[in-house]
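One structure is given below, encoded as C-alpha cells.
2 protein chains.
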Amino acid sequence: MSVGRQPSMADVALAAGVSAQTVSRALRGSPNVNPETRQRVLAAVDQLGYRFNNAAKMLSSGRSHTIGLIVLQSGGYYSRSAVTAGVEAGAGEAGYAVSIATIARLDTGLMERALAKLADQGVDGIVIAVPLISVTQKMEDITRDIPTVTVDGSRTAGARVLGIDQRAAGRVATQHLLDLGHRQVWHVAGPDEWIEARQRREGWRECLTAAGIEAPPVLEGDWSPASGYRQGQILAMIPEVTAVFAASDEMAFGIIRALRERGRSVPGHVSIVSVDDIELAAYCAPPLTTVRQDFYACGTAAVALLLQGAGEPAVEPPVLAVRESTAQPSVTDR
Amino acid sequence: MSVGRQPSMADVALAAGVSAQTVSRALRGSPNVNPETRQRVLAAVDQLGYRFNNAAKMLSSGRSHTIGLIVLQSGGYYSRSAVTAGVEAGAGEAGYAVSIATIARLDTGLMERALAKLADQGVDGIVIAVPLISVTQKMEDITRDIPTVTVDGSRTAGARVLGIDQRAAGRVATQHLLDLGHRQVWHVAGPDEWIEARQRREGWRECLTAAGIEAPPVLEGDWSPASGYRQGQILAMIPEVTAVFAASDEMAFGIIRALRERGRSVPGHVSIVSVDDIELAAYCAPPLTTVRQDFYACGTAAVALLLQGAGEPAVEPPVLAVRESTAQPSVTDR
DNA sequence: CGAGCCTATGTTACCGATGCCATCTGTAAC
DNA sequence: GTTACAGATGGCATCGGTAACATAGGCTCG
C-alpha cells in the first residue's frame with residue numbers, strides 16, 4: 001500500500017493483532033502457536049506482502065543461511081562447473097543461498113581475498129571448489145572460524161576434504177588401453193597445481209607400474225584444447241606412440257587434431273582416452289572414449305557434509321564410456 | 001585471542017582508545033578523521049583480526065552490497081555461462097558480492113521463487129540471465145522494488161533490458177553461406193522460449209528475405225549436441241540441403257555427425273555455420289565456422305547498468321570466425 | 001482445592017553497525 | 001574578545017529481527 005518502505009514484522013503484528021514475537025514464532029513454525037493465530041498472522045503477511053529481512057535475522061540469530069562457494073572464473077574446466085551446479089542444487093534444497101566468489105586463476109593471494117570476502121559476508125559455511133594446494137596462515141584463520149569443505153584440495157585447519165578418487169579414473173582409462181593390447185600409454189596431464197591432474201597422473205602411473213611398464217615422460221597441458229593441440233604436435237613426432245591418456249576431453253580433441261594433421265589417424269594409429277565425458281564427447285569426430293565421474297553428486301555431497309557434518313559420503317565409481325577413439329593397436333605396431 | 005566470538009567494532013574501539021563511531025568512520029574512509037587516529041584504528045583492527053559484520057552493516061545502512069544473479073542450472077548453454085562470468089567479474093570489481101539463484105529449467109514458478117529468494121536476501125540489484133519470456137504479477141512486484149537488469153529477456157516493471165543483437169549474429173552467419181554461393185540456407189534453431197533462439201532465427205529469416213529467398217521450414221533443437229544429431233538425421237534425408245545455420249556450436253557438431261553418418265560430408269556436401277565459438281569449435285573435426293559474440297562483456301555491462309544506471313552500453317558486433325565447416329557448394333549442387 | 005506444569009503469548013534486551021546530533025577544540029574573522 | 005566556523009570525536013537512537021525471560025490462563029493430580 002504505502003510506498004514508504006517494506007513492511008516489517010511489527011506491521012504484520014499490528015495487522016494481525018498480536019505481538020511481533022508471535023509473528024516471528026508463527027513464521028518459523030514454532031510448535032507453541034495456536035493454529036488460529038498462525039492463520040491470522042499468515043493472512044496479514046500475505047495481505048501486506050511482508051518479506052522478512054534477512055539482514056536482521058542474520059544479525060540476531062548469527063546465522064545467514066548462506067554458504068559461500070569459491071570457483072574459478074574460467075568456465076572451461078568441466079568437472080569444476082559440474083561441482084558448482086551440484087553445490088547450488090544441494091544448497092537450494094536445504095534452504096540455503098549460495099554466494100559465489102570467483103578467482104581469476106589459481107593464486108594464493110586471490111584465494112585469500114575470496115575467502116575473506118565470503119567471511120565478510122557472514123556465510124555459514126564455505127565450499128572450496130578449486131584445487132587448493134598451498135594453505136596460508138590467513139586461510140587457516142578463516143577456515144578455523146567457518147566450517148569449510150574443500151573439494152579435492154589440501155586440508156586446512158578444521159576444513160574437511162571431499163575427495164573424488166581421480167586415481168581410479170586414471171587407472172580405468174589406462175587399463176582400457178592396455179587391455180586393448182597397447183604396450184605403452186602416454187599421458188598428457190593437466191597443470192600440476194591441480195589435484196585432479198596429479199591424481200589422474202598417479203592413477204595412470206600406478207596402472208603402468210602394475211603392468212610392469214615403465215612410464216614415459218609426462219606431457220603437460222592446461223586443460224584447454226589449444227594446449228592439447230600443442231602436446232599433440234609433440235606426440236606426433238614420436239613414432240612409437242600408439243596410445244594416449246589425456247587428462248580432459250578438451251585436451252583430447254586438441255591432441256587428436258594435431259595427430260591427424262600430421263597423418264596419424266585416431267584410432268587407426270593412435271588410441272586416445274580421456275576423462276570428463278562432456279556432452280560433445282559423443283558427437284565430435286571421432287566420438288571419444290572417456291571416463292565419466294559424477295561431479296554433480298560431488299557438489300551436493302559437499303553441501304551435505306557442510307550442513308549435516310555427515311561422514312564422507314559414498315562416491316560413485318568412475319565409469320568408462322567406450323567410443324571410437326580407442327582401438328587395438330595396428331598389427332605393425334604390436 | 002579469546003575464543004569467545006568475533007571481535008566487534010566496540011572491541012576495536014576499546015583497543016584503539018576511541019569510540020565505536022570513530023572506528024566506523026575511519027574504516028569507511030570518512031574525510032574527517034585524524035590520520036593518526038586512523039592509524040591507531042587500523043592497527044587495532046589488524047591486531048584483533050577484526051572483520052566487519054555485513055549483516056549489521058546491511059541492517060543499518062539498508063544496503064547489502066550484494067547483487068543477485070539468476071541463471072539456469074544446466075551448464076550447457078554457452079552464452080549464458082559466459083554472461084555469468086562477466087557478471088561475477090563486474091560485480092567483484094565494484095566491490096559487490098554475487099548471490100546466485102539457479103533455476104532448473106525455464107519455468108515461471110521457479111522464476112518467481114528465485115526472485116523471491118534473492119529479494120529475501122536483500123540484494124541491492126538483480127541480473128536476470130535467463131531468457132524471461134512471460135512476466136507475472138509477482139515478478140513485477142519484486143522488480144519494482146529492486147533494480148533489475150534482464151539480459152535478453154522480456155521487460156518487467158522498472159527493469160532494464162540489456163540486449164545483445166542476436167539478429168545480427170543470425171544475419172552474419174546466413175550471409176556468409178549466401179556469399180559462398182549457396183542458394184538456400186536451412187536453420188536448426190534453439191528452443192522457442194529462448195530469446196537468443198528467436199532472434200537468431202529472425203536474423204536468418206531477414207537475411208534470406210533480403211536476398212529474395214523464401215525461408216525453408218525451421219527445425220528446432222534444445223541446444224544440446226544430441227538434439228542437433230536428431231535434426232541432422234532429418235536434414236540428411238533432404239537432398240537439396242547444402243547449407244545449414246545452427247543456433248549453437250554444440251548442435252552444429254551433432255548435425256555434422258548425423259550428416260556424415262549418412263554419407264553427406266561437411267563441408268563437401270553441406271556447409272555448416274553456427275554461433276558461440278566455444279573453445280572446442282576450432283579443434284574438433286571439422287573446425288567450425290561460427291559467430292563469436294562477447295557475452296562476457298555483456299555480463300559486465302549488465303552490472304554496470306545496474307550499479308551506475310548508465311545508458312545502454314555499446315555492444316561489440318558479432319564476429320565471424322571462418323573455419324573449415326563451410327565451403328562453396330559443389331558444382332553439381334549449384 | 002492448591003501445587004505443579006504446560007501452552008500461548010507478551011516484554012525486554014540485544015545483535016553490530018550507521019545516521020544524526022551534540023560536543024569540544026582550535027583558529028580565522030570582525 | 002566574542003562570534004563563526006570547520007574538523008575531530010562521542011553519545012544515542014535505530015535498523016528488524018531473535019533469545020531469554022515473564023506472564024496469564026487452563027489442566028492434571030494428589
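Protein chains in written order, with UniProt numbering: chain A, 1 to 334; chain B, 1 to 334.
For each residue, glycine too, the CB sits at the ideal point set by N, CA and C.
### Task
Please state whether DSSP places alanine 321 of chain A in a helix, a strand or coil.
Walking along the first sequence from the start, residue 321 of chain A turns up at place 321. Strand, per DSSP.
### Task
Could you work out which residue in A:Tyr96, A:Gly268, A:Lys117 and A:Gln73 is closest to alanine 104 of chain A when comparing CA atoms only?
Stepping through the first sequence from its first residue, residue 104 of chain A is reached at position 104. Measuring from the Cα of alanine 104 of chain A, the nearest candidate turns out to be A:Gln73.
### Query
Within 10 angstroms of its Cβ, does arginine 334 of chain A collect 16 or more other Cβ (buried), or is it exposed?
Here residue 334 of chain A refers to the residue found at position 334 when the first sequence is read from its first residue. Summary for arginine 334 of chain A: the model assigns pLDDT 47, below 50, so the residue's position carries little reliability; its value from the coordinates is reported in the next sentence. Looking at its Cβ environment, which holds fewer than 16 other Cβ atoms inside 10 Å, arginine 334 of chain A is exposed.
### Message
Using a Cβ-Cβ cutoff of less than 8 Å, which residues in the same chain neighbour valine 3 of chain B once the five nearest sequence positions on both sides are dropped?
### Response
Position 3 of the second sequence, counted from the start, is the residue given in the question as residue 3 of chain B. Any reading at valine 3 of chain B must be qualified, since the residue scores a pLDDT of 41, below 50, and its modelled position is unreliable; the value itself is stated next. Counting only Cβ-Cβ distances below 8 Å, and skipping sequence neighbours, we find nothing.
### Message
With DSSP as the reference, identify every bridge partner of leucine 69 of chain B, one or two as the case may be.
### Response
Within the second sequence, the letter at position 69 stands for residue 69 of chain B. Leucine 69 of chain B pairs with B:Ile100 and B:Val127.
### Query
Excluding sequence positions up to five away, which residues of its chain have a Cβ less than 6 Å from the Cβ of alanine 189 of chain A?
On the first sequence, position 189 is the one that residue 189 of chain A refers to. Contacts found: Ala197, Arg201, Val218, Glu220 and Ala247.
### Sub-8 Å separation of isoleucine 128 of chain B and isoleucine 67 of chain B beta-carbons
For the purposes of this step, residue 128 of chain B is taken as residue 128 along the second sequence, with counting starting at 1. For the purposes of this step, residue 67 of chain B is taken as residue 67 along the second sequence, with counting starting at 1. Their beta carbons are not under 8 Å apart, which means isoleucine 128 of chain B does not touch isoleucine 67 of chain B by this criterion.
### Message
Quick check: is the beta carbon of serine 227 of chain B nearer than 8 Å to any beta carbon in chain A?
### Response
Taking the first residue of the second sequence as position 1, residue 227 of chain B is located at position 227. So, not an interface residue.
### Task
Quick one: using the 10 Å Cβ neighbour count with 16 as the cut-off for buried, is glutamine 175 of chain B buried or exposed?
Mapped onto the second sequence, residue 175 of chain B falls at position 175. Flag for glutamine 175 of chain B reads buried.
### Query
Under three-state DSSP, which class holds phenylalanine 245 of chain B?
By one-based count along the second sequence, residue 245 of chain B stands at place 245. The answer is strand: DSSP assigns phenylalanine 245 of chain B an E or B state.
### Query
CB-CB under 8 Å to aspartate 145 of chain A, same chain, minus the five flanking residues each way: which ones, in chain order?
Residue mapping note: residue 145 of chain A aligns to position 145 of the first sequence, counting from 1. Once the five neighbours on either side are set aside, the close Cβ partners of aspartate 145 of chain A are Ala119.
### Task
Using alpha carbons as the reference points, say which of B:Arg264, B:Ala243, B:Ala215 and B:Met251 lies closest to alanine 236 of chain B.
Position 236 of the second sequence, counted from the start, is the residue given in the question as residue 236 of chain B. The candidate whose alpha carbon is nearest that of alanine 236 of chain B is B:Arg264.
### Query
So serine 134 of chain B and threonine 108 of chain B are in contact, right, with Cβ under 8 Å, and what is the actual spacing, rounded?
Residue 134 of chain B sits at position 134 when you count from the first residue of the second sequence. Residue 108 of chain B sits at position 108 when you count from the first residue of the second sequence. Sure, about 6 Å apart at Cβ, within 8 Å.
### Message
Along the chain, where does the beta strand (DSSP E) containing arginine 105 of chain A start, and where does it finish?
### Response
Residue 105 of chain A sits at position 105 when you count from the first residue of the first sequence. Here arginine 105 of chain A belongs to no beta strand (DSSP E), and DSSP marks it neither H nor E.
### Message
Tell me which residues share the same chain as glutamine 233 of chain B and place their Cβ nearer than 7 Å to its Cβ, disregarding the 5 neighbours each side in the sequence.
### Response
Here residue 233 of chain B refers to the residue found at position 233 when the second sequence is read from its first residue. Ala258.
### Reduced DSSP category for alanine 189 of chain B - H, G, I as helix; E, B as strand; rest coil
Numbered from 1 along the second sequence, position 189 holds the residue referred to as residue 189 of chain B. Here alanine 189 of chain B sits in strand by DSSP.
#### Entry: Proximal chain B residues relative to glutamine 121 of chain A, where beta-carbon distance stays under 7 Å
Numbered from 1 along the first sequence, position 121 holds the residue referred to as residue 121 of chain A. Those are Asn54 and Ala97, listed as they occur along chain B.
### Task
Go to valine 266 of chain A, then tell me how far its alpha helix (DSSP H) extends in each direction, as first and last residue.
To locate residue 266 of chain A, count along the first sequence from 1; it is residue 266. Per DSSP, valine 266 of chain A belongs to no alpha helix (DSSP H) and is neither H nor E.
### Query
chain A beta carbons: is any one of them nearer than 8 Å to that of tyrosine 283 of chain B?
Counting from one through the second sequence, the residue named residue 283 of chain B turns up at place 283. Output row for tyrosine 283 of chain B: interface = yes.
### Message
Rounded to whole angstroms, what is the Cα-Cα separation between alanine 169 of chain A and serine 330 of chain A?
### Response
Locating residue 169 of chain A in the first sequence gives position 169, where the first residue counts as 1. Locating residue 330 of chain A in the first sequence gives position 330, where the first residue counts as 1. Each residue's Cα considered, the two are about 25 Å apart.
### Query
Which two residues bound the contiguous alpha helix (DSSP H) that contains arginine 28 of chain A?
As a working mapping, residue 28 of chain A is identified with position 28 in the first sequence. From DSSP, arginine 28 of chain A is part of no alpha helix (DSSP H); its letter is neither H nor E.
### Query
Who are the Cβ neighbours of aspartate 294 of chain B in its own chain at under 6 Å, not counting the five residues just before and after it?
What you label residue 294 of chain B is simply residue 294 of the second sequence in a count that begins at 1. The answer, listed in chain order, is Glu316.
### Task
Go through its chain and collect everything with a Cβ distance to leucine 42 of chain A's Cβ below 6 Å, but skip five positions before and after it.
In the first sequence, residue 42 of chain A corresponds to position 42, counting from 1. Contacts found: none.
### Task
Measure from the alpha carbon of lysine 138 of chain A to the alpha carbon of each residue in A:Thr148, A:Gly122, A:Gly125 and A:Ala116, then state which is nearest.
Looking up residue 138 of chain A in the first sequence gives position 138. Checking every option, the nearest Cα to that of lysine 138 of chain A belongs to A:Ala116.
### Query
Do threonine 326 of chain A and leucine 106 of chain A have their C-beta atoms within less than 8 Å of each other?
Residue 326 of chain A sits at position 326 when you count from the first residue of the first sequence. Residue 106 of chain A sits at position 106 when you count from the first residue of the first sequence. Cβ atoms of threonine 326 of chain A and leucine 106 of chain A: not closer than 8 Å.
### Message
In this structure, how does DSSP classify threonine 326 of chain A when only helix, strand and coil are distinguished?
### Response
Taking the first residue of the first sequence as position 1, residue 326 of chain A is located at position 326. The answer is coil: DSSP assigns threonine 326 of chain A none of H, G, I, E or B.
### Query
If isoleucine 238 of chain B and isoleucine 255 of chain B are in contact, beta carbons under 8 Å, what's the gap, nearest whole angstrom?
Stepping through the second sequence from its first residue, residue 238 of chain B is reached at position 238. Stepping through the second sequence from its first residue, residue 255 of chain B is reached at position 255. That pair is no contact at about 13 Å.
### Task
At 8 Å on the CB atoms, spell out the chain B contacts of glycine 49 of chain A, in chain order.
In the first sequence, residue 49 of chain A corresponds to position 49, counting from 1. Asp141, listed in chain order.
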